[in-house]
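Protein chains in written order, with this note's numbering: chain A, 632 to 1093; chain B, 373 to 889. Note that the Cβ used here is the ideal one computed from N, Cα and C, for glycine as well. Reviewing the structure listed below.
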Amino acid sequence: MVLYQSGDDRISSLKGSGYNQLNNADGTEYTEYTEYNPSTNTADDDCREHDQSIYAAALAGIESIGRSWLARALECSKPSQVWSKLEEGKFDSFSLKRGQPNDLAKLRYQVRKVDLTRLKARLESHQVGVTYVGAPDFPAKLVGDQQVPPVLFCKGSKELVRAGADVSSLAILDSLCHPMVSIIGTRNCSHYGRECAYQLGYDLSSCGVSVISGLAQGIDGAAHRGALDANQAFPIGVVASGLNLIYPSQSRDIWNLISERGILLSEYPLGAPAQKWHFPARNRIIAALSDVVIVVESRRAGGAMHTVNASTSRNIQVMAVPGSIRSPVSQGTNDLIYDGALMVRDATDVLVALGYSAHQINDTKVVSARDRVAQQTADATASGVTNGLNLQPGSNQLDLDTNTLTGKQTEVLQAIGYEPTLTSAILNRCHYIDIGEIHSLLYNLESLGFIRSGDGWWTRLF
Amino acid sequence: MISRVATASLNGVDGVSVTVEVHVSNGLPGFTIVGLPDAACRESRDRVRAALLSSSFSWSTKRITVNLAPSGTRKNGAGLDLPIAIGFLVATGELSETQIEDVGFIGELGLDGTIRPVPGTLSLIDAIQNPAVVVAARSVFEASILGNKQIHSALDLAELVAALKGLRPFGQYNHFRPSTQAKKYQVDEGIEASMDLDISEVRGQRLGKRALEVCAAGGHNVLLVGPPGAGKTMLARRLVSILPKLSSKQALEVTRIRSAAGLELDHSFYDQIPPFRSPHHRASLVALIGGGSSTMRPGEISLAHHGVLFLDELGEFQVSALESLRQPLEEGLIRISRCRTTVTFPARFQLVAAMNPCPCGEGFLPGSCRCTPQQINRYTRRLSGPLLDRFDLRVPINPPTPEELMVEGKRPNSEEIKIRIESARKRQQDRAGKLNSDLTTNELSKHAELTEQAKALLARRLASGTLSARGLVRIKKVALTISDLEGGTRCLDAHHVSEALELRVGLAMLSPQMMVA
Chain A
632 MVLYQSGDDR
642 ISSLKGSGYN
652 QLNNADGTEY
662 TEYTEYNPST
672 NTADDDCREH
682 DQSIYAAALA
692 GIESIGRSWL
702 ARALECSKPS
712 QVWSKLEEGK
722 FDSFSLKRGQ
732 PNDLAKLRYQ
742 VRKVDLTRLK
752 ARLESHQVGV
762 TYVGAPDFPA
772 KLVGDQQVPP
782 VLFCKGSKEL
792 VRAGADVSSL
802 AILDSLCHPM
812 VSIIGTRNCS
822 HYGRECAYQL
832 GYDLSSCGVS
842 VISGLAQGID
852 GAAHRGALDA
862 NQAFPIGVVA
872 SGLNLIYPSQ
882 SRDIWNLISE
892 RGILLSEYPL
902 GAPAQKWHFP
912 ARNRIIAALS
922 DVVIVVESRR
932 AGGAMHTVNA
942 STSRNIQVMA
952 VPGSIRSPVS
962 QGTNDLIYDG
972 ALMVRDATDV
982 LVALGYSAHQ
992 INDTKVVSAR
1002 DRVAQQTADA
1012 TASGVTNGLN
1022 LQPGSNQLDL
1032 DTNTLTGKQT
1042 EVLQAIGYEP
1052 TLTSAILNRC
1062 HYIDIGEIHS
1072 LLYNLESLGF
1082 IRSGDGWWTR
1092 LF
Chain B
373 MISRVATASL
383 NGVDGVSVTV
393 EVHVSNGLPG
403 FTIVGLPDAA
413 CRESRDRVRA
423 ALLSSSFSWS
433 TKRITVNLAP
443 SGTRKNGAGL
453 DLPIAIGFLV
463 ATGELSETQI
473 EDVGFIGELG
483 LDGTIRPVPG
493 TLSLIDAIQN
503 PAVVVAARSV
513 FEASILGNKQ
523 IHSALDLAEL
533 VAALKGLRPF
543 GQYNHFRPST
553 QAKKYQVDEG
563 IEASMDLDIS
573 EVRGQRLGKR
583 ALEVCAAGGH
593 NVLLVGPPGA
603 GKTMLARRLV
613 SILPKLSSKQ
623 ALEVTRIRSA
633 AGLELDHSFY
643 DQIPPFRSPH
653 HRASLVALIG
663 GGSSTMRPGE
673 ISLAHHGVLF
683 LDELGEFQVS
693 ALESLRQPLE
703 EGLIRISRCR
713 TTVTFPARFQ
723 LVAAMNPCPC
733 GEGFLPGSCR
743 CTPQQINRYT
753 RRLSGPLLDR
763 FDLRVPINPP
773 TPEELMVEGK
783 RPNSEEIKIR
793 IESARKRQQD
803 RAGKLNSDLT
813 TNELSKHAEL
823 TEQAKALLAR
833 RLASGTLSAR
843 GLVRIKKVAL
853 TISDLEGGTR
863 CLDAHHVSEA
873 LELRVGLAML
883 SPQMMVA
């Protein structure tokens, strides 16, 4: 019943075509066919005038066609064939969408309604490519999947994707984006999770691993930001809305960057808003495309756990970043590790799981998160005051000797955790030291490089 | 017959001299008041008539015209009842003009002739030129504060007329004095914070207490952010206990405003306690900044003049009400313009605000917060950047841990802190003649010299993006106050700056996605 089109197109197509604009109970607009106008019928059975992908896009745009049915249909016949059969109403024996009465007459009208030339123009103007089950460029990892997405829309860097007629873009998923690792987790993440996700994204991308994620806020976004900052491999974003509707709007910058430097994928046609049920479906694509799935932070029940379930059912390695046993957002990941998921301490662990040899891993020179932070602090303070930083002989790892500190410095240092500790907590833990003195000590420790300051919090480095 | 009586009417917190002219002549019997009276003034017609009759004076069946000169400005309030009645008595020959020659009159009349006090007596007395003024018995103390006028009083109209005629002396009504006892609970008037509260009652919360100390010393505005039950309100209420006493000049200004707002004088006048106002978060714009259609009444920000305006649940206030605070915060006064008049109210207050980090209130801990990022965004977006920027101190307040609550030991009490604050304030007055929060950028760079380390620290924070250019000036002001509290070297050292940075956290801290280790 619903045909997704962008706002302007829909209004123009409404005029004189017998469509009434209506509102669903959930507020989304849909168009209902009331009167058939044969003049708009453009497809011809015998001579195929469009590329197969345009037919695939048109099929994905008709909502009363179920995904699994479409996947089955496309596995055995070409999109244009399915299209013409639908136009002729030949699929009377099929259940098109489970739980919905087959109204073949209406479906036929809907199919005949679609202006393929306009659809093609829209795809071209949004620079969106289309691939489908059975197409030569359909991602190999999705072929034969238990819930294969019948049609995939993609938007990618201009050099890679030539929009319009020739949409062979997704071939790069198999050729250039290998290996692929998804970094997923909760939107409501902690500071720790966000930093870990960023670091993993950065390091993996530096090692040439493509990072897949869902562009959500929190962990997903942080991982992609890291990958984009490293900019060594193609980042892949799998989204739950049409590729012309940015969701969530806070991820606009990542969305645009990924569509410039990597690939955005969506199962949904242009103009499809993100619906609640799109997200678990989106997660299965993330899982199916990945070689390894990394959960950075997740509650026991969360969207990330959908992806984990989808991965385990596909025999894809799940890894998890451990967290504090007190942190509610690390409960899910800690449970995963308890249940046998591999633990991620830094990107090296992921590379091992991906099957990199020791030699290859040495070449990548992944720096542990702690050393990186220490290095940054050292760089920052090097210009300023003299400090106690010394490089250990024979290693490029930084280390500081806490024995050089005075008693009070040690007490303040011990009040600070390796995770962000609020200043108020430090003040209360050192309640016997004068408040001005504590700030003086904190400043000393920071310039010595033992601790790092945030905005209202401190992190211990050594 | 015509008579003239001197009185005054209130315009904002200032009095305006008014002459009541009463004309009694032959003609169609009637009683009209001209000269832009407001509703309360117009009604005085009936009160005056009843009061005169109850006091056994005869009512004239002639044509009575009352003019309130200058007739171009709007007069308000019932304070003109008494002058109108006296004018009538003079015009009808009951009193002679010489008997009221040097006397001004202020007072509302009851139907039985009782003379009642009116709001703003202090300002009204000031506006009357005559050397003697008659006020209601309850207003005698307030009217005598200035001490530049002879104050007479009487309980009712009959007694007053007798005294004016010289048949009996004026009564002494000095026994109507405000209580010198601190009332513990005066919730209705907002003066809840009194000297009874002491900062030593707060356990833990070292950062919060320190923030109060710094903001009291430098006159900085402070924003406390924390989950419910963390102790934000408890802390804020105790700010007054560490603020230095008002000077007598300041106390007088505060009393004038309170009087104009119709609030009774209380012990805070003797104690010279800075006012503490905490309006509810549903307070309207006019209640907050002052105004009104006919009578311009001072708002909460003026009542908090020379004191503290505490806005609890800042995020729940109407956006328009909050944004209206920006001008008074900068200028120390509020100008309210209506089509007929413009009134300027003093409003040099210290703003203390408390809010939750997110709508559910349980921010800071990602597990306990039930808000979506969008909800939090909507919640914090209510506060505009310019408003948040005016808070020199922005402090996260976390609920005290059980260990902190159980820790016994000496906590500094308000008196000890107040001594430090007073010496820090003296240092500021000696140096620049004003508090650090009022320093201009030029004055700041003149008085606040940074050491090399402090410069390096600020440069590092600017580079890392945790400090903005706008924040830099505020940080320097706060650091200067911290150094004043410490005893004040000329140079701002790195640890002063470091502490100032801790007391002014970025807006990212307001979002709850913060893990506390």
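Beta-bridge pairing of residue i - partner residues as DSSP gives them
| i | result |
| --- | --- |
| M373/B | Its beta-bridge partners do not exist; DSSP assigns none. |
| G590/B | According to DSSP, G590/B bridges with nothing at all. |
| V782/A | Y763/A |
| D583/B | The sequence given here has Ala at residue 583/B, not Asp. Answer is none; A583/B lacks a bridge partner. |
| P409/B | K447/B |
| T1090/A | R1083/A |
| N383/B | D386/B |
| H524/B | V506/B |
| M811/A | S841/A |
| C863/B | E821/B |
Cβ-heavy atom distance, residue i to the ligand GDP, below 7 Å
| i | result |
| --- | --- |
| Q1045/A | Looking at this structure, you won't find the ligand GDP or any other ligand, since it has none at all. |
Straight-line Cα distance separating residue j from residue i
| i | j | result |
| --- | --- | --- |
| G1080/A | I1057/A | 18 Å |
| D560/B | G598/B | Confidence at D560/B is low in this model, with a pLDDT of 39, below 50, so its placement is unreliable and no value can be given for it. |
| L454/B | V767/B | 54 Å |
| G733/B | M727/B | 9 Å |
| E393/B | T464/B | 13 Å |
| I1147/A | R825/A | The structure shown does not extend to residue 1147/A, since chain A is modelled only from 632 through 1093, so no value can be given for it. |
| N1075/A | R799/B | 28 Å |
| A480/B | F682/B | Looking at the sequence shown, residue 480/B is not Ala but Glu. Answer to the nearest angstrom: the Cα atoms are 34 Å apart. |
| S381/B | Q747/B | 50 Å |
| Q778/A | T995/A | 36 Å |
| A504/B | C587/B | 45 Å |
| D764/B | G590/B | 10 Å |
| N398/B | L425/B | 20 Å |
| S468/B | V462/B | 6 Å |
| H809/A | P600/B | 50 Å |
| A826/B | E1068/A | 16 Å |
| W1088/A | K849/B | 21 Å |
| N814/B | N808/B | 12 Å |
| D802/B | S795/B | 10 Å |
| D677/A | G775/A | A caution first: D677/A carries a pLDDT of 43, below 50, which makes its placement in the model unreliable, though a value can still be read off. Taking the straight line joining both Cα atoms gives about 30 Å. |
| R698/A | A861/A | 36 Å |
Rounded distance between the beta-carbons of residue j and residue i, thought under 8 Å
| i | j | result |
| --- | --- | --- |
| V385/B | I673/B | So it is not a contact: roughly 13 Å between Cβ atoms. |
| E695/B | L759/B | 7 Å |
| L920/A | I814/A | Not quite, the Cβ-Cβ distance comes to about 13 Å (not below 8 Å), so this is no contact. |
| V506/B | F477/B | 5 Å |
| R892/A | P911/A | 27 Å between Cβ atoms; not a contact. |
Contiguous beta strand (DSSP E) assignments of at least 3 residues, all confined to the stretch 884-941 of chain A = 894-897 and 923-926
Which residues, in order along the stretch 827-860 of chain A, keep a beta-carbon less than 7 Å from a beta-carbon of chain B?
-> Q848
Taking only runs that begin and end inside the stretch 677-755 of chain B, name each unbroken beta strand (DSSP E) of 3 or more residues, in chain order.
-> 680-683, 705-709, 714-718 and 722-727
Alpha helix (DSSP H) runs wholly inside the stretch 755-840 of chain B, at least 4 long, in chain order = 757-761, 774-778, 786-804, 813-819 and 824-836
Note down, in chain order, all residues in the stretch 1045-1072 of chain A with a beta-carbon under 7 Å from any beta-carbon belonging to chain B.
-> G1048, E1050, P1051, T1052, L1053, T1054, S1055, A1056, L1058, N1059, H1062, I1066, G1067, H1070 and S1071
Within the stretch 423-497 of chain B, ranges of the beta strand (DSSP E) (whole runs, at least 3 residues) = 435-441 and 475-477
Closer than 8 Å, Cβ to Cβ, to anything on chain A: give me those residues from the stretch 569-601 of chain B, in chain order.
-> G576, Q577, R578, L579, G580 and R582
Select from the stretch 733-749 of chain A all residues with a C-beta closer than 8 Å to any C-beta belonging to chain B, and list them in chain order.
-> none
Taking any Cβ of chain A, which residues in the stretch 843-876 of chain B have a Cβ under 7 Å from it, in chain order?
-> E858, A866, H867, S870, E871 and E874
Taking only runs of the alpha helix (DSSP H) that begin and end inside the stretch 596-633 of chain B, which ones reach a length of at least 4 residues, in chain order?
-> 604-609, 611-614 and 620-632
Listed in chain order, which residues of the stretch 756-771 of chain B have Cβ atoms closer than 9 Å to some Cβ of chain A?
-> R766, V767, P768, I769 and N770
Below 9 Å between beta carbons is the criterion; list the residues of the stretch 812-823 of chain A that meet it against any residue of chain B, in chain order.
-> T817, R818, N819, C820, S821, H822 and Y823
Given a limit of 9 Å on CB to CB distance, which residues of the stretch 776-810 of chain B reach chain A?
-> E776, V779 and G781
Chain-ordered residues of the stretch 723-735 of chain B with a beta carbon less than 8 Å from chain A = none
Within 9 Å of chain B by C-beta, residues of the stretch 887-918 of chain A in sequence order | none
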